[in-house]
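Undergrad: Can you read through this structure? Questions will come right after.
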Amino acid sequence: MPLNDDLFALAPHPVIRCEWLGGRVPVILVDGVYADPDAVRAAALSLEFSPAATHYPGRLASIPDPNPSRDRMLRWARGLADTALLGVFPLMADGRPVVGFREVFSDFAIVDVHPDALTPEQRIPHVDPVPAFGLVYLNREERGGTLFFERLGDDRGGPGYFTTAGSGYALLGRIEPRFNRLAIYPGCVPHSGEIAGEWIRSDERFRRPRLTQRLLFAA
């Protein structure tokens, strides 16, 4: 089902800043990114979600084409990443320095895998297949942010989601999951969703799911 052509309209005065996690990992934060974030969440949840083909612990939904406001938003986000992220943190892709991002892909994601049902790969921090990654947090309820780690050695993780430092990882910092916040960060730093609380063990993970919009920055 097509979405409203103006659904992804940007707010007129978003607040943009760069925050360094642990003094080492730059995150570009945009607070108040969408003009109507509640409409974005409602429209996203009306889409058909399917199990992720990768190790993502949940389901994904494509954004139907065409959508002019989505395309404008992604062009804006690409320009922001080109200047704000690459301006402070060199990135590599295929062994070459990234001088600019070629394209941005986007979809919606829901985390709903019960902690007891995680695969070994889902129990530890991961890196992304693209040089930079973005998330729009679309939850008014507490559903967790994103945690970043330094890898120290091998650690296959324990039961459930990886939300604290372990023998193989040191916690560098956390992105606070403010509603209607866009965060853009280097994909090469190990990170994990901050998935904790009773909601992920109950039907709340289906009735009021943790929803994000993902942005994949390809070089």
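Numbering (the numbering used here), first residue to last: 20 to 238. Just so you know, even glycine gets a beta-carbon here, dropped at the ideal spot from N, CA and C.
Using only the alpha-carbon positions, how far apart do H145 and R170 sit?
TA: Position 126 of the sequence shown holds residue 145. Position 151 of the sequence shown holds residue 170. Distance between the alpha carbons of H145 and R170 is about 10 Å.
Undergrad: In terms of DSSP beta bridges, what is F127 paired with?
TA: Numbered from 1 along the sequence shown, position 108 holds the residue referred to as residue 127. DSSP, once it has assigned bridges, lists A80 and Q232 as partnering F127.
Undergrad: Between which residues of its own chain and V117 is the CB-CB distance below 7 Å, once the five residues before and five after are set aside?
TA: Within the sequence shown, numbered from 1, the residue matching residue 117 stands at position 98. For V117, where only same-chain residues beyond five positions count, the Cβ hits under 7 Å are L105, L110, M111, P150 and A238.
Undergrad: N86: buried (16+ other C-beta within 10 angstroms of its C-beta) or exposed?
TA: The residue labelled residue 86 in the question sits at position 67 within the sequence shown. Buried, because 16 or more other Cβ atoms sit within 10 Å of the Cβ of N86.
Undergrad: Checking 8 Å against the spacing of the C-beta atoms, do L79 and F124 come in under that value?
TA: Counting from 1 along the sequence shown, the entry for residue 79 is found at position 60. Counting from 1 along the sequence shown, the entry for residue 124 is found at position 105. Remark: C-beta atoms of L79 and F124 do not approach each other more closely than 8 Å.
Undergrad: Rounded to the nearest angstrom, how far is the Cβ of H74 from that of E140, given a contact under 8 Å?
TA: By one-based count along the sequence shown, residue 74 stands at place 55. By one-based count along the sequence shown, residue 140 stands at place 121. Between E140 and H74 the Cβ distance is about 4 Å, and since that is below 8 Å, they are a contact.
Undergrad: My output table needs one value for S65: the three-state DSSP class, helix, strand or coil.
TA: Reading the sequence shown from its first residue, position 46 is the one you call residue 65. Of the three classes helix, strand and coil, the one that applies to S65 here is coil, per DSSP.
Undergrad: Would you tell me roughly how many angstroms separate the C-alpha atoms of A63 and L190, rounded to the nearest one?
TA: What you label residue 63 is simply residue 44 of the sequence shown in a count that begins at 1. What you label residue 190 is simply residue 171 of the sequence shown in a count that begins at 1. Taking the straight line from one Cα to the other gives about 32 Å.
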